[in-house]
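Read the structure below first, then the notes.
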Amino acid sequence: MKLISKISFLGIVLLFASLLDSTSLAAVNSSENVDNTTLLAGKGTSSYDSLMRQGYAAARRRNYTAARNYFQQALGHRPGDKYATRAIANMNRYLARRNSSRIAYSRTRTGRRAVGGTRGGCFDVESEQARQLIIPLIPSDADGVTTTAEYPSFLFYVPQIPKVTSLELVVRDDKTFEKLQTVALTPNKQSGIVRANLTSQTGKPLALNKEYTWVFSVICGNNSRDTDWALEGKVKRVQPNENLNLDLETAAPQEQVEIYVENKLWENALRTVADLRRQNPNDAEIKQYWQELLKSVDFQNEVIQAPLLQ
């Protein structure tokens, strides 16, 4: 009798345990289903972000076919997405013109470069050739150049000048005449292109939508600035629009040059290709980019072929 009671009790316990395990398993399965549902619900966003990142990386490597494929897949996760749609359009554009495109900065008129100059006693020869010795690298029709940079760069062709002791770039506010930046450069012993970089160490950043005057001086006297030879021009910082930022995000540096040219941002274009030349001095394609950009605004071969000195 006691044995029967024990067996009955054991059976009840086992039955209860079985029911408990079944309930727990159902709860676990239910929980897993919720997690999977949540994962699947977020999968579109996660996959989109991953595909866009892979597309940007491929575009920077200039593998535009692979990049386009990633962007197309991303668009499948977010139909109508403007970022993926514009990225695909950019890849198609890069692929279409890869073998035939030329960099050409569009000018509104031809003529001499619109800069002012004052002549000092640095030169021995009073001639038209002497007056054109120092050349700012800006378009020949430009009343001023535009940039999106707080701290842009300025490039000048400078020949050998025996009497020069220093080179200087000053940027001043047109309204207050305050000196915003002063950059001192050491003259080189050979002819070539010198570069003056504005930085936070050399002065204040350019404000948006404000025009400034730059003055590039060749200093020939140790005690007096009366013999300086100087050039001046205008620069203005502008705000890049959203489409420009999107285009730059999907572009390798070489294509960024073309994008800047299309948007009439001369300083950005010249600075980018100058950086590429400095980083890759033996790259034939980058050399061609440099030559085409300068030829498009009527620079002579002497300037185009000149070395980058700084």
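Just so you know, the sequence shown maps onto residues -26 to -1, 1 to 284 in mature numbering (1 follows the signal peptide of the UniProt record, and there is no 0).
Where a beta carbon is used, it is the ideal one built from N, C-alpha and C, also for glycine.
Secondary structure at glycine 50: helix, using DSSP grouped into helix, strand and coil. According to the DSSP assignment, aspartate 55 belongs to no alpha helix (DSSP H), since it is labelled neither H nor E. Counting along the chain, the unbroken beta strand (DSSP E) around glutamate 185 starts and ends at 185 to 193. A distance below 6 Å between beta-carbons, with the five flanking residues on each side excluded, links leucine 69 to the following residues of its chain, in chain order: Tyr38. DSSP places alanine 225 in the coil class of the three-state scheme, outside both helix and strand. Put simply, of Ile260, Leu220 and Gln279 the residue whose alpha carbon is nearest the alpha carbon of tyrosine 57 is Leu220.
Rounded to the nearest whole angstrom, the C-alpha separation of threonine 176 and glutamate 124 is 12 Å. For aspartate 202, the number of other beta carbons within 10 angstroms of its own is at least 16, and it is reported as buried. Between the segment 132 to 140 and the segment 163 to 170, the count of Cβ pairs shorter than 8 Å is three or higher; the stretches touch. Under the three-state reduction of DSSP output, serine 20 falls in the helix class. Per DSSP, the continuous alpha helix (DSSP H) segment holding leucine 268 begins and ends at 258 to 269. With fewer than 16 neighbouring CB atoms inside 10 Å of its own CB, asparagine 215 falls in the exposed class.
Distance between valine 212 and tyrosine 186, taken at the CA atoms: about 12 Å. For asparagine 162, there is no enclosing alpha helix (DSSP H), as DSSP marks it with neither H nor E. Only residues of its own chain outside the window of five on either side were considered, and among them Tyr79, Arg81, Trp240 and Val271 have a CB closer than 7 Å to the CB of proline 113, listed in chain order.
Here the alpha carbons of arginine 71 and glycine 50 stand approximately 26 Å from one another. A Cβ-Cβ separation of about 21 Å leaves alanine 181 out of contact with phenylalanine 190 under the 8 Å criterion. Within a 10 Å sphere around the beta-carbon of alanine 170 sit 16 or more other beta-carbons, which makes this residue buried.
In the displayed model, leucine 283 falls within coil according to three-state DSSP, outside both helix and strand.
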